[in-house]
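Report on the structure given below.
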Amino acid sequence: MLIRRIKCVRNLGIRYNSSHYVTTPIFYVNAAPHIGHLYSAVIADAHCRYQRLRNPEKTVRLCTGTDEHGTKIQQAATLHGIPVAKYCDDISERYREVFRSASIQPDDFIRTTEERHKRAVAHFWRTLHSRGHIYSAAYSGWYCVSDETFLTDSQLRLDESTETRFSLESGHPVEWTEETNYMFRLSQFQDDVRHWVKQEARIRPAKFEKILLDTLSEPLPDVSVSRPSNRVHWAIPVPDDDSQTVYVWLDALVNYLSSVGYPNKEFSAHWPPAQQVIGKDILKFHGIYWPAFLLAAGLEPPGQLHVHSHWTVDGQKMSKSKHNVVDPVQAAQQYTMEGLRYFLLREGVAHSDGNYSHVKAQRILNSELADTLGNLLSRACAKSLNPGQIYPSADAEHLADLLRTLDATKRLQESLLQLSERCESHYECNHFHLVADTAMAALHAANNFFESSRPWTLKAGTAESNQPRLETIIAMTMDALRLCGIVLQPIIPQLATRLLDKLRVPTAERGWNYLAKSFASSPAHLGGSCQLDGQTSALLFQRIVEENPTKEEHKPQPAKRIKSKKKDRRETMS
Ligand code: MSP
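Quick note on numbering: the sequence shown equals residues 303 to 876 in this note's numbering.
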């Protein structure tokens with residue numbers, strides 16, 4: 303059997319089937335969502351949106367949801383004096399709402415309290431059991447309720463004054479626990495899991511592969527996969543043994559299978575997930591337990607784990623006890639959800655923690671979304687320059703002349719020609735910050751081109767009045783906006799849609815293939831002018847201004863968003 307299993311592991315490359323199944327972790331319902339949670343979901347959503355744009359023939363499927371069993375959920379409900387089922391409903395709904403308002407578009411939102419999931423867990427358990435990977439044993443050890451896990455001595459810190467031990471990783475207290483549990487033979491999967499981890503691009507970024515391989519260099523102990531029901535009763539019962547409930551992490555991980563219909567055959571159309579997005583704190587569960595459970599059940603482990611780091615506030619992890627949790631709903635009142643999405647993907651990098659700061663968010667959003675992107679659209683659509691409110695076509699002769707005589711034209715053309723290839727390689731690695739960088743660089747080039755070509759000197763009634771040249775400049779500027787709008791759709795879907803609507807770009811021409819097609823072959827919109835959409839405002843993103851600036855920059859502050867007052871200085875001069 304071992305040989306068969308190893309053969310199955312060796313064959314695991316990243317599989318490119320017609321389905322591209324992506325998951326977020328499912329979120330604990332013991333507290334309301336914060337921006338760290340939103341971050342996991344926004345990464346997965348942006349990844350899926352890019353995949354749909356790039357490969358329209360693929361079935362892209364995104365699953366998210368809530369993790370609702372276990373002692374800490376039970377305790378949170380008790381603390382609030384609410385029946386636990388109702389408490390789960392309420393918090394789960396808050397996740398749904400936040401995700402809806404942040405334009406996260408899952409194909410499924412799964413809850414571990416749903417019947418379909420309970421059925422999947424029972425089937426998965428029976429499969430592991432019937433294959434001989436689960437056994438019953440007396441177990442004792444330090445148990446961390448908050449992390450729902452047993453910890454070894456080396457994972458603990460002893461506070462000598464109180465004789466209390468704490469989890470080194472999470473800082474939560476542990477208690478000595480002796481009980482009879484079902485154990486999973488994790489130790490038997492050490493080599494298989496190591497082999498899986500070492501596959502090319504399996505764990506991204508690479509530093510997390512190293513962490514897993516370090517853990518795998520020590521012998522893996524078997525892991526307890528059940529709890530006595532009298533201690534943890536808000537959980538799924540172990541099949542055929544009511545005295546035990548299923549360990550919450552085994553329960554939770556199976557959600558990825560339940561969502562695609564497991565154990566019904568249909569699940570195999572989506573299995574295995576192409577990419578699972580997780581935060582670094584849950585790496586061990588997804589990078590060791592999960593592939594081992596799947597291999598033990600005879601199923602293929604995921605194609606890739608995309609691991610992200612954390613958001614800190616003033617260098618500290620967000621936590622309720624530190625009163626530094628950033629609420630996405632409040633943050634969106636200042637920046638809009640699109641602004642918040644942009645900030646998280648623009649500032650967050652997977653390999654190291656990002657520091658959340660109000661000042662930084664305000665600076666980036668004002669400079670990039672309001673000025674570089676928004677202001678350029680307003681200028682190109684200004685009635686004084688563009689009285690007919692059109693997306694004009696370029697005049698071939700004037701375009702050639704601008705390319706010959708104005709360096710800024712050449713620079714803009716080059717950056718637009720490279721846009722598709724560069725952004726594609728960044729998106730493939732979930733390097734959203736580099737996509738934003740590349741798009742902003744192109745938009746800077748467009749702003750520069752607009753300034754240097756001085757369109758205000760060409761408009762009707764001026765000495766140098768020259769309509770075809772003026773239209774060529776506007777066409778080139780709108781091309782830059784259109785192409786950057788296409789590229790930015792996965793990151794800021796609503797803003798990009800408004801931008802493309804304003805420019806009347808047909809829905810069928812917003813796909814990735816249109817980037818190369820509509821620019822490389824015709825450097826500016828040569829196809830014939832079209833009318834701008836009068837119903838859509840040219841004001842994309844209002845600047846954020848401070849009403850009462852305070853030094854405590856991370857605290858939600860009274861900020862208001864005003865209409866961009868930044869006038870086109872050149873227009874006033876003309
Ligand atoms: N329920 C488990 C996951 C089970 S998946 C089978 C869990 N839930 S969680 O609500 O605590 O975390 C969900 C996600 O939010 C994780 O990816 C976690 O890393 C992420 N974040 C929680 N706090 C975070 C930050 N401060 N910053 C960034 N993301 C962090 O773990």
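By construction, the Cβ of each residue, glycine as well, lies at the ideal position given by its N, Cα and C atoms.
Quick caveat, the model's predicted, so the values are computed rather than measured.
What residue range does the beta strand (DSSP E) around residue i cover?
i, result
"His608", "607 to 610"
"Phe452", "451 to 453"
"Thr547", "543 to 548"
"Val362", "361 to 369"
"Tyr658", "656 to 658"
Please tell me whether, using a cut-off of 7 Å, the distance from the CB of residue i to the nearest non-hydrogen atom of the ligand MSP is below it.
i, result
"Ala594", "no"
"Gly338", "yes"
"Ile375", "no"
"Phe734", "no"
"Asn557", "yes"
"Trp444", "no"
"Gly473", "no"
"Gly367", "no"
"Lys619", "yes"
"Ile878", "This structure cannot speak to residue 878, because the chain is shown only from 303 to 876."
"Arg328", "Looking at the sequence shown, residue 328 is not Arg but Ile. Flag set: Cβ of Ile328 near the ligand MSP."
"Tyr693", "no"
"Gly581", "yes"
"His612", "yes"
"Ala554", "yes"
"Ser342", "yes"
Using 10 angstroms around the beta-carbon of residue i, count the other beta-carbons present and answer buried if the total reaches 16, otherwise exposed.
i, result
"Leu488", "buried"
"Leu714", "buried"
"His322", "buried"
"Ala777", "buried"
"Arg358", "According to the sequence provided, residue 358 is Pro. The question's Arg does not apply to it. It is exposed - the Cβ of Pro358 has fewer than 16 other Cβ atoms within 10 Å."
"Tyr729", "buried"
"Leu381", "exposed"
"Ser463", "exposed"
"Pro860", "Caution applies to Pro860, whose pLDDT of 47 falls short of 50 and renders its modelled position unreliable; the value that the coordinates give is listed next. When all chains shown are included, Pro860 counts as exposed."
"Glu766", "exposed"
"Leu503", "The sequence shown places Ala at residue 503, rather than the Leu named in the question. It counts as exposed."
"Lys894", "The question about residue 894 has no answer, for the chain in this structure spans 303 to 876."
"Val548", "buried"
"Trp814", "buried"
"Trp551", "buried"
"Ala798", "buried"
"Asp494", "buried"
"Thr326", "buried"
What first and last residue would you give for the alpha helix (DSSP H) that runs through residue i?
i, result
"Val499", "492 to 499"
"Asp347", "337 to 356"
"Trp613", "Taken as a continuous stretch (DSSP letters only), Trp613 belongs to no alpha helix (DSSP H), being part of the beta strand (DSSP E) at 613 to 615."
"Glu848", "Here Glu848 belongs to no alpha helix (DSSP H); instead the beta strand (DSSP E) covers 845 to 848."
"Gly641", "630 to 649"
"Pro795", "795 to 804"
"Asn749", "734 to 755"
"Ser394", "386 to 403"
"Lys712", "709 to 730"
"Ala594", "592 to 598"
"Lys374", "373 to 382"
Just grab the DSSP bridge partners of residue i for me.
i, result
"Tyr437", "Met485"
"Tyr564", "According to DSSP, which records beta bridges pairwise, Tyr564 is partnered with nothing at all."
"Thr414", "According to DSSP, Thr414 bridges with nothing at all."
"Pro578", "A small correction: the amino acid at residue 578 is Gln; Pro does not occupy that position in the sequence shown. Partner(s): Thr325, Leu607."
"Thr466", "Asp461"
"Cys446", "Thr451"
"Tyr618", "With the sequence shown as reference, residue 618 is identified as Gln, and Tyr is not the correct amino acid for it. Gln618 is bridged to Val615."
"Ser528", "Val548"
"Glu480", "Ser442"
"Val540", "Asp543"
Taking 7 Å as the cut-off, is the beta-carbon of residue i closer than that to any non-hydrogen atom of the ligand HEM?
i, result
"Tyr397", "Absence of the ligand HEM is noted for the structure shown, with the ligand MSP being the only ligands found."
Answer yes or no: does any C-beta atom of chain D fall closer than 8 Å to that of residue i?
i, result
"Ser405", "The structure shown has no chain D; it contains just one protein chain."
- Are the region 637 to 645 and the region 694 to 706 in contact at 8 Å, needing three or more beta carbon pairs? no
- Item | Meets three-Cβ-pair contact criterion under 8 Å: the region 736 to 750 and the region 709 to 727 | yes
- Are the region 573 to 582 and the region 444 to 462 touching, with three or more C-beta to C-beta distances below 8 Å? no
- Message: Between the region 418 to 429 and the region 547 to 566, can you find at least three pairs of beta-carbon atoms closer than 8 Å?
- Response: Yes, since at least three Cβ pairs between the region 547 to 566 and the region 418 to 429 fall closer than 8 Å, the two stretches touch.
- Message: Between the region 344 to 355 and the region 379 to 391, can you find at least three pairs of beta-carbon atoms closer than 8 Å?
- Response: Segments in contact, no.
- Given 8 Å, three or more beta-carbon pairs between the region 371 to 381 and the region 530 to 540: yes
- Validate contact between the region 643 to 659 and the region 608 to 617 using beta carbons, cut 8 Å, 3 pairs: They touch, by the three-pair rule.
- Would you say the region 830 to 850 touches the region 682 to 701, given that touching needs at least three Cβ pairs under 8 Å? yes
- Below 8 Å, can you find three or more Cβ-Cβ pairs linking the region 590 to 599 to the region 623 to 633? Output reads no: the region 623 to 633 does not touch the region 590 to 599.
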